[in-house]
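Per our numbering, the sequence shown starts with residue 175, numbered consecutively.
Following: one structure in structure tokens, then a few remarks.
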Amino acid sequence: MKVGMYSFDCRDAAALASFWSGVLRRPVDEGATPEFAMISPVGDGATWMFHRPQGELATGDNRLMLDLGGEADWAEQAGRVEALGAERVSDNEQDGVRWVVFRDPEGNTFRIFAPRPPSS
């Protein structure tokens, strides 16, 4: 099996899709509204779907944490994502592994990682 879609419940689907479009450098599909928006997959990648649920949004911690990065330019990517409107929550390092924790404009937490250090 593979991941087919990432789905976000949100207050404004078009606005949140626009943020993630900038992060992913992929366009939002035509027809995005505050109720529903999508970013289509590239190749065999996953679809990103954003929708406003009927009733109240769930509260509490994320049920899914996205981890991005691992490339040499991870620090520049973290700065780019922050400039797009992400809130930088913390910079972290443990056992040689470095990452930055962010919140997107609707408070969903995600991380950008540095490449893993070589094993000794």
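Using N, Cα and C, we set each Cβ at its ideal position, and we do this for glycine too.
Bear in mind the structure is a predicted one, so any value in this text is a computation, not a measurement.
Within the same chain, Cβ atoms closer than 6 Å to the Cβ of Phe-284 are found at Leu-240, Phe-276, the five residues on either side in sequence being excluded.
Judged by beta-carbon spacing, Phe-210 lies beyond the 8 Å limit of Asn-282, meaning their Cβ atoms are not closer than that value.
Counting only runs of at least 3 residues, the stretch 178-237 fully encloses the following beta strand (DSSP E) elements, listed from N- to C-terminal order: 179-183, 210-213, 221-225. Non-local beta-carbon contacts of Asp-186 in its own chain, meaning distances under 6 Å to residues more than five positions away in sequence, involve Pro-208 in chain order. DSSP places Gly-243 within a strand segment (E or B) once states are collapsed to three. Residue pairing from DSSP places Glu-261 in a beta bridge opposite Arg-277.
Note on geometry: alpha-carbon atoms of Glu-204 and Pro-292 lie some 43 Å from one another.
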